[in-house]
Amino acid sequence: MIDQYLQLFRDLPAFLDGFILDHGKWVYALLFAIIFAETGLVIMPFLPGDSLLFTVGAIAARGSMNVWTISITLVIAGVLGDAVNYHIGKYLGPRIFRGEATTGFARLINRKHLDRAHEFFEKYGGKAVILGRFVPIVRTFVPFVAGAGAMNYARFGVYNVSGAILWVGVCVGAGWYFGNIEWVKKNFEAVVIGIIIVSLIPLGVEYINQRLAARKVVTPAAGDPRSP
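For the sequence shown, the working numbering assigns the number 43 to the initial residue and increments by one for each residue that follows.
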């Protein structure tokens with residue numbers, strides 16, 4: 043499965059180039075749909091995000107797409123996706139956390155990923171909506187958790203728009219400036235893997251911190267006279 047996932051990213055530039063050649067400006071609609079689904083449908087955290095935006099920036103730098111048009115398109119997709127996800131979470135989230143919703147759409151939601159996003163949201167509050175944009179999986183679940191927790195929608199909207207602009211700007215901008223460097227083109231797969239690893243660092247750090255905190259829990263020593 044991992045090989046298939048990497049194959050998707052390895053072929054992404056060629057796929058998009060071919061799609062543009064065959065369908066022209068419909069590529070904007072395709073990319074809108076992918077980002078909207080990844081951010082708006084809580085059951086699709088596996089769709090490409092950061093790496094896709096990087097690739098889009100690299101292709102736009104060659105003139106195949108207008109960088110401003112695609113950037114605005116992707117920002118809108120990200121904002122609308124998070125908004126939809128928020129409302130799904132507001133309706134379905136409380137029932138899932140109470141264990142009342144276990145069938146249908148709710149059954150497709152990965153509870154482990156949902157719990158991690160909940161912890162991320164509890165730690166960072168509203169800023170998690172912005173920070174979560176840069177963390178795979180978390181970015182798909184944070185809006186859902188925000189809705190489930192009844193976060194003020196106007197406040198959520200500010201973080202949502204700000205996060206989408208920052209996320210698209212950074213990732214597409216990085217692709218625009220670095221994606222067509224000869225070394226990057228020759229080692230695109232390695233660069234994509236690097237992007238994925240870097241974006242997963244926050245989750246890894248959080249996991250290690252939790253493990254260390256668990257080990258610090260004091261338990262009575264075997265020879266401790268206070269032991270029962």
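Even for Gly, the Cβ is constructed at its ideal location relative to N, Cα and C.
For this session: Assess, as a yes-or-no matter, whether the region 195 to 206 is touched by the region 229 to 240 under the definition of 3 or more beta carbon pairs within less than 8 Å.
Result: Too few Cβ pairs lie closer than 8 Å, so no.
For this session: Please classify Phe96: is it buried, with 16 or more other beta-carbons within 10 angstroms of its beta-carbon, or exposed?
Result: Taking the sequence shown and counting its residues from 1, the one referred to as residue 96 is at position 54. Phe96 comes out buried.
Exercise. Looking at the structure shown, is Val203 part of a helix, part of a strand, or coil, going by DSSP?
Worked result: Taking the sequence shown and counting its residues from 1, one reaches residue 203 at position 161. Looking at Val203 - three-state DSSP - the assignment turns out to be helix.
Exercise. So, is Phe57 buried or exposed, given that buried needs 16 or more other C-beta atoms within 10 angstroms?
Worked result: Residue mapping note: residue 57 aligns to position 15 of the sequence shown, counting from 1. Per the 10 Å Cβ criterion, exposed.
Exercise. Using CA coordinates, which residue listed in Thr81, Ala100, Phe78 and Gly60 is at the minimum distance from Val226?
Worked result: By 1-based counting over the sequence shown, the position of residue 226 is 184. It is Ala100.
Exercise. Which of helix, strand or coil does DSSP assign to Pro136?
Worked result: Residue numbering aside, residue 136 sits at position 94 when the sequence shown is read from its first letter. Helix.
Exercise. Assuming Gly91 and Ile130 make a contact with CB atoms under 8 Å, what is their CB distance in whole Å?
Worked result: Position 49 of the sequence shown, counted from the start, is the residue given in the question as residue 91. Position 88 of the sequence shown, counted from the start, is the residue given in the question as residue 130. Wrong, their Cβ atoms sit about 18 Å apart, outside the cutoff.
For this session: Give every residue of the same chain whose Cβ lies closer than 6 Å to the Cβ of Cys213, excluding the five residues on either side of it in the sequence, and list them in chain order.
Result: Walking along the sequence shown from the start, residue 213 turns up at place 171. Cβ within range, chain order: Asp92, Leu95 and Phe96.
Exercise. Counting pairs of Cβ atoms below 8 Å between the region 76 to 85 and the region 112 to 131, do you hit three or more?
Worked result: yes
For this session: Could you check how far apart the C-beta atoms of Phe183 and Ala206 are, in whole angstroms? I think they sit under 8 Å.
Result: Translated into positions along the sequence shown, residue 183 becomes position 141. Translated into positions along the sequence shown, residue 206 becomes position 164. Rounded, the Cβ-Cβ distance is 16 Å, inconsistent with contact.
Exercise. Per DSSP, what kind of secondary structure is Ala227 in: helix, strand or coil?
Worked result: By one-based count along the sequence shown, residue 227 stands at place 185. The displayed chain sequence assigns Lys, not Ala, to residue 227. Here Lys227 sits in helix by DSSP.
For this session: Figure out for me which residue from Ala119, Gly167, Ser204 and Ile172 has the closest Cα to the Cα of Lys72.
Result: As a working mapping, residue 72 is identified with position 30 in the sequence shown. According to the sequence as given, residue 72 is Leu; it is not Lys. Of Ala119, Gly167, Ser204 and Ile172, the residue nearest in Cα terms is Ala119.
Exercise. If you draw a straight line from the alpha carbon of Leu278 to that of Val180, how long is it in whole angstroms?
Worked result: Missing from the structure shown is residue 278; the chain here goes from 43 to 270 and no further.
Exercise. Hey, Phe176 and Ser113: beta-carbon distance below 9 Å or not?
Worked result: As a first step, residue 176 is located in the sequence shown; it is residue number 134 there, counting from the start. As a first step, residue 113 is located in the sequence shown; it is residue number 71 there, counting from the start. In this structure, Phe176 lies away from Ser113, with their beta-carbon atoms at least 9 Å apart.
Exercise. How big is the Cα-Cα spacing for Gly217 and Leu89?
Worked result: Along the sequence shown, one-based indexing puts residue 217 at 175. Along the sequence shown, one-based indexing puts residue 89 at 47. Spanning the two alpha carbons is a distance of roughly 18 Å.
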